[in-house]
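In our numbering, the protein residues as written are 37 to 261.
All C-beta atoms in this analysis are idealised placements derived from N, C-alpha and C, irrespective of residue type, glycine included.
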Amino acid sequence: MSLYTISDLHLSLSTDKPMDIFYGWDNYLQQLKTNWKRVITPEDTVIIPGDISWAMKLEDSLEDFKFIDALPGKKIILKGNHDLWWSSMKKLNEFFHKNGIKTVTALFNNHIECEGKAICGSRGWYPSEANDDKKIILREAGRLKASISSAKKAGLEPIVFMHYPPVTADSVCRELIDVLKEEKISLVYHGHIHGAGLHNAVENFENIAFKLVSCDCISFTPYKI
37 MSLYTISDLH LSLSTDKPMD IFYGWDNYLQ QLKTNWKRVI TPEDTVIIPG DISWAMKLED
97 SLEDFKFIDA LPGKKIILKG NHDLWWSSMK KLNEFFHKNG IKTVTALFNN HIECEGKAIC
157 GSRGWYPSEA NDDKKIILRE AGRLKASISS AKKAGLEPIV FMHYPPVTAD SVCRELIDVL
217 KEEKISLVYH GHIHGAGLHN AVENFENIAF KLVSCDCISF TPYKI
């Protein structure tokens, strides 16, 4: 029983948004399926921190979730910036139950206990001077803190996942970094960055390590935690 992570699947089984038009994404669905089945057992858990499906509406994401559900292991998902189908937890849980999606659980404002640890995190956001973005950043910082705090109250060690990295080569989201430092988080797994954007990825910042797990950056193979 092990923990793995892989982000940014960008599935589009019911939408016209093929990813194989991008460099390095040739035959990516088959790559993902083959590699997943090679390394993941039914007893393992895979955390997927965002950008799961290109669907605009929840009902249009069904084929993508059927694809994920058919893969081995339990899956914990977080929201990414492209997950516009993401609704309330109540609606998500009803959707999964109605459609027989049994291996997927959503993480939002909470923690999920797994293998004696606590899976925590939030979508995050990039720094911006825009007032609307400032509100989003503060909200995401609050969600991140609430998730980590709930784990600590339960006496569990938090493992933190975010969709956006809170720091890149040319920007820092101070509000999110401060939460991580206050909560003494030393490692964060994140996605969002792809291909040519790799030069923006930061591996260490103020004694916090960051691991990029976007699927095209880890050869479409779940990364063992």
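Would Thr-257 and Asn-236 be called neighbours here (beta carbons separated by less than 7 Å)?
Working through the sequence shown from its first residue, we reach residue 257 at position 221. Working through the sequence shown from its first residue, we reach residue 236 at position 200. Not in contact: Thr-257 and Asn-236 (Cβ atoms no closer than 7 Å).
Please confirm whether Ala-245 and Leu-212 have their CB atoms less than 7 Å apart.
Residue numbering aside, residue 245 sits at position 209 when the sequence shown is read from its first letter. Residue numbering aside, residue 212 sits at position 176 when the sequence shown is read from its first letter. With contacts defined as CB atoms closer than 7 Å, Ala-245 and Leu-212 fail to qualify as a contacting pair.
Use the C-beta contact count for Met-198: other C-beta atoms within 10 angstroms, 16 or more gives buried, fewer gives exposed.
By 1-based counting over the sequence shown, the position of residue 198 is 162. Burial call: buried.
For Met-198, list the residues DSSP reports as bridge partners.
For the purposes of this step, residue 198 is taken as the residue at position 162 of the sequence shown. Per DSSP, Ser-158 and His-226.
Beta-carbon spacing of Gly-160, Glu-176 below 7 Å
Residue mapping note: residue 160 aligns to position 124 of the sequence shown, counting from 1. Residue mapping note: residue 176 aligns to position 140 of the sequence shown, counting from 1. Contact: yes.
Distance, Cα to Cα, Leu-128 vs Ile-137?
One-based indexing of the sequence shown puts residue 128 at position 92. One-based indexing of the sequence shown puts residue 137 at position 101. C-alpha of Leu-128 to C-alpha of Ile-137: approximately 10 Å in a straight line.
Between which two residues does the beta strand (DSSP E) carrying Leu-39 extend?
Translated into positions along the sequence shown, residue 39 becomes position 3. Annotation for Leu-39: the continuous beta strand (DSSP E) segment containing it runs 39-41.
What do you reckon, are the CB atoms on Lys-247 and Glu-193 nearer than 7 Å?
On the sequence shown, residue 247 is found 211 positions in, with the first residue counted as 1. On the sequence shown, residue 193 is found 157 positions in, with the first residue counted as 1. No, the pair does not count as a contact, with Cβ atoms beyond the cut-off.
Using only CA atoms, which one of Cys-150, Tyr-259, Ser-207 and Asp-214 lies nearest to Tyr-225?
Locating residue 225 in the sequence shown gives position 189, counting from the first residue. Nearest neighbour of Tyr-225 by Cα position, chosen from Cys-150, Tyr-259, Ser-207 and Asp-214, turns out to be Tyr-259.
Alpha helix (DSSP H) segments (min. 4 residues) lying fully within the region 79-111
List check, alpha helix (DSSP H) in window: 98-106.
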